[in-house]
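Visitor:
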Amino acid sequence: MNRNLIYLFLLLCLPMFSWATHNRAGEIIYEQIGDLRIRASIITYTKASSVDADRDSLILIWGDGTFSKVARNNGGGNGVIIGPDIKYNIYTFEHTYPSRATYTMSMTDPNRNSGILNVNPPNSEIIPFYIETTFSFLNATFQGFNNAPKLLQPPIDVGCVGQRFTHNPNAFDIDGDSLVYELVIPQQGVGSVVPNYIFPEQILPGANNLLTLDSKTGDLVWDAPRKAGEYNIALRISEYRSGVLISSLVRDMQILIQVCDNRPPKVQTIEEVCIVAGQTLTFGVAATDPDGSSQKVKLTALGGPFVVETGKATFNVSPNFETPPVNGTFSWTPDCNAINKEYYSVIFKAVDNYSDTTGLADLKTVRIKVVGPGPENLTGESSLNQIILKWDDPYLCQITNKNYFKGFNVWRRVSSNSFQPDTCNPTMEGKGYTKIAFAQKTTDGSNYTYVDATVEKGKAYCYRVEAEFAKTSSGGFPFNPVQSLPSNEVCLQLNLDIPLITNVTIEETSANGRILIKWVKPRTMDFDTIQNPGPYTYTLKRGIGFNPAAYTNIPNANFTSLNFLDPVDTSFTDIEINTIISPYTYIVDFFAGQGGSLYGSSTSASSVFLNVDGSDKKTILTWNELVPWSNNSFTIYRLNSIGIFDSIGTTQARVYEDKNLENGEEYCYKVRTSGTYGIAGLPTPLINFSQERCAIPIDTVPPCAPALVITNDCLNANSNEVILNNLSWNNPDLLCDTPGDTKGYRVYVLHEGNTEAELIFETSDENQTSFTYASDIYGLAGCYYVVAFDSVFNESLLSNIICIENCPDYRLPNAFSPNGDGHNDIFKPYPFRFVNKVEFKVFNRWGNLIFETSDANLNWEGKTKSGNDVPDGVYYYTCRVFEQVDANGVESSPIALTGYIELIR
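Here is the structure:
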């Protein structure tokens, strides 16, 4: 059925009294109860005294071409009074959709309240009240059900002129999806916003009239209203799962601002806190009133912790209005089912009794994050070629409702990272670890266990374990995962029965350079000399690059001992190699026995390779190395004026900027790395140098883009005045985060019909930041932009582009007297501008064409086309006016003028 026909039908179905006004606010929420079935609720807040307009039922349009008449079901079908002249109404109905798709449910009431200041003033009562919720059916087997967030905070507070007004919808999503708040224009129907809408702060605007909405917390603050009356706003709450929008609902609400001698109370408490499930959170909340004890204050709390299925929070406070200060105590011991990656919100509200029973209110949002406890007592042991991890069973949160606990993730890195876990951000991401196992639950009855068989000799592996929780779809698949705090760290390594390289350091940078390589023998306690008798040989091999395709034996780099404990050389200087152009990678082969059998090889290790690039007054150093140990510190050396490399800085990153240099001068560098295997008994720190590398700073960095502003006097000037575009811009060095050396500007214009911009102004004075311009051909019209350039003519990005239209003005008189007296003898237009040509035609009273011209100046002397004088009388004209556009003859649609000319001789 056509949507407009449905809407018309629904209006006809409403009783006659539906044209009364009563809605204060409303939204539509839903819960999914089947693969394609939902239970939807229209929630409205209405004026209780509008008895004739009270709705015992409403029409809900489902968005699939059907609708239902939905009866009110709270308060025994009568609604519930929740405040002075405020009724809370719920209309609930179930519906099954035909297929998985995205739908928009909506409800329309024919009229809003009259006198709303910012909705189609002064006729807001003719604008429908409309709310909608859009949602998507997900693949329930894999992605789970989709339930709308519930808005726990009623929109029932009033405000005073000049006083701060606050509101928060207090949305709570049972699925743990991410919520984003935004202010939108209220709607009057599907895809149709209300006409002539003005955001509230634009009524008597100014620095003391600001309306803001925190997209993360939902805190709406209007500080402060300047005019009394009713206002309308709409809040959209969008719901995201795994970064994908899955629903959005709109709360349309009115704000009543009064003239009153009252100031709102003030709530004082914490802002944000993160706790571990099973721990008890307790904090105090105080409400004060700047008007002192002349008024009483009531303090309440609403939020997700009060409506969770298990382990609900409490707020111990007087239920009555009390003389301030009023104090309350919030307490919550969240259980493991409350673990969530999103924060819970608790809204504490203090309201005074200025109007006997209610008055101004202040809202304070406290955000609470509940994280899972970390697994406890992680230990490990190494065997032949694997590492076995163990941690405590039972885990504190392994028993949860609906299979919320999924198991443990195992993270690994080479070398230690002894960071302290952050309760508010428990993630292991960005700490240098790699997740190597997911959702592990293997147990031996007293410990959970995990076997890592993907380890190599000669590396110290460090582990942490975290628990993972997630909702479960109908198909048993997890969604909305959340991780616990990580466990303690444990570090282990396999038996060290092979050589380990400890140094690959550049000793000379040249085409015939030198690299020193050092290694250590297998550890005595880990190598079985009975099973593997001597002699023992160490052979050093070299490859080119970080990942060589092949290794070659190095001449004279073989070292043999008859007995394992005999002294043997464990270092070698590799000579006559080009250390300028490439890094080198080495391995040590270890042979045992008379036959020289290969027992094993070391892990490869490369030299440090440095790159240096010159930029504007700086150099940028980057370096890389592939080594089996962990480098944790890098020291930068620069060649000084007496030929010695001095330390100029230390970093933990593999990039460094040397700033405040002179352009055009050469600077030379090398980098020293400091690292460790993290294995007891091995040399530490491991110090290695890169090759030397030089660069010359040059200015390749353009200035920041200027910001362009254009004004003209098109609307106010007389037609005979010359009108110019006034272009002005800023010196970008004054505001740019990385100021350049701006030396001048170029101004360009792109005219319609052209493909290339025209340079219309250039200056080498960085202080000249304005220019006036109009084209003889194009007039004011065109799209303008500015670029800045520096001392070596690097151009900035384009400024903002501003497109200006001409403002043509062409007006004709209604009489002239071609009698030869030198006064008003010629019919011509008043002074005009930006007109390219006209098609001007004059007709006599019989409709005959007597004169025509394309000259915009007209210059009609009162003669026919053949040159004969026409008699006195009234003549009819038509005139098509073509705006000046471009030199290619491209013209806009003409303006049509018609009228009469009285000719008097």
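Numbers in the numbering used here are just positions in the sequence shown, counted from 1, shifted up by 19. Backbone N, C-alpha and C define an ideal beta-carbon position, used for all residues, glycine too. None of these values were measured; they are calculated from a predicted model.
1) According to DSSP, simplified to helix, strand and coil, what is Asp752?
2) Taking Lys478 as the reference, give the member of Cys443, Asn514, Ser492 with the closest Cα.
3) What does DSSP give as the partner residues of Phe8 in its beta bridges?
4) Quick one, are the C-beta atoms of Asn158 and Leu171 less than 8 angstroms apart?
5) If you follow the beta strand (DSSP E) that Glu319 is in, where does it begin and where does it stop?
6) Determine the burial state of Val741: buried for a count of at least 16 other Cβ atoms within 10 Å of its Cβ, exposed for fewer.
7) Only counting the same chain, and skipping five residues up and downstream in sequence, which positions put a Cβ closer than 8 angstroms to that of Thr65?
8) Spell out a yes or no on whether the stretch 772-781 and the stretch 824-834 are touching, meaning 3 or more CB-CB pairs, one atom from each, closer than 8 angstroms.
9) Would you tell me roughly how many angstroms separate the C-alpha atoms of Tyr603 and Ile594, rounded to the nearest one?
10) Between the alpha carbons of Gln439 and Asp271, how many angstroms are there, rounded?
11) Look at the Cβ atom of Arg386, then the Cβ atom of Thr543, and state whether they are nearer than 8 angstroms.
12) Measuring alpha carbon to alpha carbon, tell me which residue in Gly323, Trp241, Asn878 is nearest Val180.
13) Look up Gly918 in the DSSP assignment and say whether it is helix, strand or coil.
14) Please identify the residue among Glu508, Gln162, Gln710 whose C-alpha is closest to the C-alpha of Gly494.
15) Mind checking whether Arg255 and Glu201 have CB atoms under 8 angstroms apart?
16) Where does the unbroken alpha helix (DSSP H) through Gln9 begin, and where does it stop?
17) State the start and end residues of the unbroken beta strand (DSSP E) segment that holds Glu824.
18) For Arg864 and Asp795, I'd like the C-alpha separation in whole angstroms.
19) Give the single residue among Asn356, Lys317, Trp642 whose Cα lies nearest to the Cα of Pro500.
20) State the DSSP-derived secondary structure class of Asn422, mapped to helix, strand or coil.
21) Whole angstroms is fine: what's the gap from Ile80's alpha carbon to Asn92's?
22) Is it right to say Tyr797 is buried, meaning 16 or more other beta carbons lie within 10 angstroms of its own, or is it exposed?
23) Ends of the beta strand (DSSP E) at Asn575?
24) What does the Cβ neighbour count give for Ser60, buried or exposed, with the cut at 16 atoms within 10 Å?
25) Would you say Gly208 and Tyr149 are within 8 angstroms of each other, going by their C-beta atoms?
26) How many Å lie between Ile729 and Cys802 at the Cα?
27) In angstroms with no decimal places, state the Cα-to-Cα distance between Tyr919 and Tyr792.
28) Based on DSSP bridge pairs, tell me the residues matched to Arg431.
29) Please list, in chain order, all residues of the same chain as Leu408 whose beta carbon is under 8 angstroms from its beta carbon, the five residues on each side excluded.
30) Less than 8 angstroms separating the beta-carbons of Asn650 and Thr641?
31) Using the Cα positions of Thr917 and Phe862, report the straight-line distance between them to the nearest angstrom.
32) Determine the burial state of Leu223: buried for a count of at least 16 other Cβ atoms within 10 Å of its Cβ, exposed for fewer.
33) Output the residue ranges of the beta strand (DSSP E) runs that lie fully inside the stretch 302-365 and measure 3 residues or longer, sorted by chain position.
34) So the candidates are Gly225, Met447, Tyr894, Pro205; which of them puts its Cα closest to the Cα of Ala253?
35) Please state the DSSP three-state secondary structure of Phe36.
36) What's the C-alpha gap between Ala332 and Ser350?
Guide: Concretely, from the data shown:
1) It is helical.
2) Distances from the alpha-carbon of Lys478 to those of Cys443, Asn514, Ser492 put Asn514 closest.
3) Residue coverage of the chain in this structure runs from 20 to 924, which leaves residue 8 outside it and unanswerable.
4) Against a cut-off of 8 angstroms, the Cβ pair of Leu171 and Asn158 comes out as no contact.
5) The question names Glu, but residue 319 in the sequence shown is Thr. Run containing Thr319: 316-322, per the beta strand (DSSP E) assignment.
6) Val741 should be labelled exposed.
7) Answer for Thr65: His41, Asn42, Arg43, Ala72, Asp73, Arg74, Gly98, Ile105, Lys106, Asn108, listed in chain order.
8) Touching, no, given that fewer than three Cβ pairs across the two stretches are closer than 8 angstroms.
9) Going by the C-alpha atoms only, they are around 12 angstroms apart.
10) In a straight line, the C-alpha of Gln439 is about 45 angstroms away from that of Asp271.
11) Contact: no.
12) The option with the nearest alpha carbon to Val180 is Trp241.
13) Residue state, collapsed to three classes: strand.
14) Nearest in C-alpha terms to Gly494, of all of Glu508, Gln162, Gln710, is Gln162.
15) Between Arg255 and Glu201, the gap from beta carbon to beta carbon is short of 8 angstroms.
16) For the chain, the structure presents residues 20 to 924; residue 9 sits outside this window and is missing.
17) First-last for Glu824: undefined, no H or E at that position.
18) Their backbone Cα atoms lie some 40 angstroms apart in a straight line.
19) Nearest of Asn356, Lys317, Trp642 to Pro500, Cα basis: Asn356.
20) Helix at Asn422.
21) Taking the straight line from one Cα to the other gives about 18 angstroms.
22) Tyr797 is buried by the Cβ-count criterion.
23) Here the beta strand (DSSP E) through Asn575 covers 571-580.
24) Per the 10 Å Cβ criterion, buried.
25) Yes; because the gap between Cβ atoms is below 8 angstroms, this pair is in contact.
26) For Ile729 and Cys802, the gap between their C-alpha atoms comes out near 11 angstroms.
27) Spanning the two alpha carbons is a distance of roughly 38 angstroms.
28) Arg431 is bridged to Thr453, Tyr482.
29) The answer, listed in chain order, is Leu397, Thr398, Gly399, Val429, Thr468, Tyr469, Val470, Asp471, Tyr482, Val484, Val509.
30) Contact check for Asn650 against Thr641 fails: the beta carbons are separated by 8 angstroms or more.
31) Taking the straight line joining both Cα atoms gives about 11 angstroms.
32) That one is exposed.
33) Listed in chain order, the beta strand (DSSP E) runs fully inside the stretch 302-365 are 316-322, 333-335, 345-351, counting runs of at least 3 residues.
34) When only C-alpha atoms are compared, the closest one is Pro205.
35) Because Phe36 carries a pLDDT of 37, less than 50, the predicted location of this residue cannot be relied on, and no value is offered for it.
36) Spanning the two alpha carbons is a distance of roughly 6 angstroms.
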